[in-house]
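J.: Quick one: the structure is below, and I'll ask about it shortly.
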Amino acid sequence: MPAHPPASSPAADRSAEVDAVVQRAIATHAAEPGGLLPLLHAIQDALGWLPPDALPKVASALNLSRAEVHGVISFYHDFRTSPPGRRVVKICRAESCQAMGSDALVKHACSTLGMELGTTRPDGAFTLEPVYCLGNCALSPSIMVDGALHGWVTRQRFDALMDEVPEVE
Ligand code: FES
Numbered sequence: 000m001p002a003h004p005p006a007s008s009p010a011a012d013r014s015a016e017v018d019a020v021v022q023r024a025i026a027t028h029a030a031e032p033g034g035l036l037p038l039l040h041a042i043q044d045a046l047g048w049l050p051p052d053a054l055p056k057v058a059s060a061l062n063l064s065r066a067e068v069h070g071v072i073s074f075y076h077d078f079r080t081s082p083p084g085r086r087v088v089k090i091c092r093a094e095s096c097q098a099m100g101s102d103a104l105v106k107h108a109c110s111t112l113g114m115e116l117g118t119t120r121p122d123g124a125f126t127l128e129p130v131y132c133l134g135n136c137a138l139s140p141s142i143m144v145d146g147a148l149h150g151w152v153t154r155q156r157f158d159a160l161m162d163e164v165p166e167v168e
C-alpha cells in the first residue's frame, strides 16, 4: 500500500510556521548578550506579532521564566500580542510631531478609519498604532504605513495614503 503524506491543516501549517520562525530566531539570537529583545523582534518581524505559543520556547531557550519574557513584552510598546490588521499605520506621537499637529492627525485618523488608536479594527483591515519618533522629525508630523515612512502628513495626505492602500482579501 502506498504511503500517504501526513494530513495537513491550516492550524498545523500555522503551528509549523511559528515553530520554524521561533527556532530560527533562537538559533540566531539566543547566545547573544541581551538576546531577548532582538529575538522577539525577529519573531515579530517574521510573523507580524508574538503568538503566545512562541513564548514558552523563547523562555526555555534563554533560561528565563515565562513571566520574565511576558514582562519584557508588556513593557515595550512595539511588541504585538495579537495579530495585526492587513495594513499597519503608525502615527508618531513624540515631541516634534506633537508640536506639528500629530494630535489632530490622530483624531482625524481615528474618525476616518472608525477605530481607536492602539487597536486593530474588528474587520482586520487596519491596525493603528502610536509610535515614539520615527527618526523623521524634520518632516513632522510623520507616519509609517506598512513600513513606508511619510513626512509632512496633513489630513489630506493621510486620506490619500489610505486611499492608496487597497483592501486586501
Ligand atoms: S518626533 Fe516624530 S519623527 Fe521624530
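The opening position of the sequence shown corresponds to residue 0 in numbering that gives the first Met the number 0, with each subsequent residue numbered one higher. Glycine residues also receive a C-beta, built at the ideal position from the N, C-alpha and C atoms.
Could you pull out every residue in the same chain whose Cβ sits closer than 6 Å to the Cβ of residue 154, ignoring the five residues on either side in sequence?
T.: Once the five neighbours on either side are set aside, the close Cβ partners of residue 154 are 107.
J.: Taking residue 171 as the reference, give the member of 111, 110, 83, 89 with the closest Cα.
T.: Outside the displayed span of the chain (0 to 168) sits residue 171, for which this structure offers no information.
J.: Got a sec: does ligand 1 put a non-hydrogen atom nearer than 8 Å to the Cβ of residue 93?
T.: True, at least one ligand heavy atom lies under 8 Å from that Cβ.
J.: Return yes when the C-beta of residue 140 is under 8 Å from any heavy atom of ligand 1, and no when it is not.
T.: Result yes, Cβ under 8 Å from ligand 1.
J.: Is residue 134 near ligand 1, judged by its Cβ being under 8 Å from some heavy atom?
T.: For ligand 1, at least one heavy atom lies less than 8 Å from the Cβ of residue 134.
J.: Going by CA-CA distance only, name the one from 100, 110, 124, 120 that's closest to residue 142.
T.: The candidate whose alpha carbon is nearest that of residue 142 is 100.
J.: Below 8 Å, how does it come out for the stretch 78-97 and the stretch 37-48: are there three or more Cβ pairs, yes or no?
T.: Yes: the two stretches touch, three or more of their Cβ pairs being nearer than 8 Å.
J.: Below 8 Å, how does it come out for the stretch 57-77 and the stretch 28-40: are there three or more Cβ pairs, yes or no?
T.: Touching, yes.
J.: What separation, rounded to the nearest whole angstrom, lies between the Cα atoms of residue 78 and residue 138?
T.: The straight-line gap from Cα to Cα measures roughly 26 Å.
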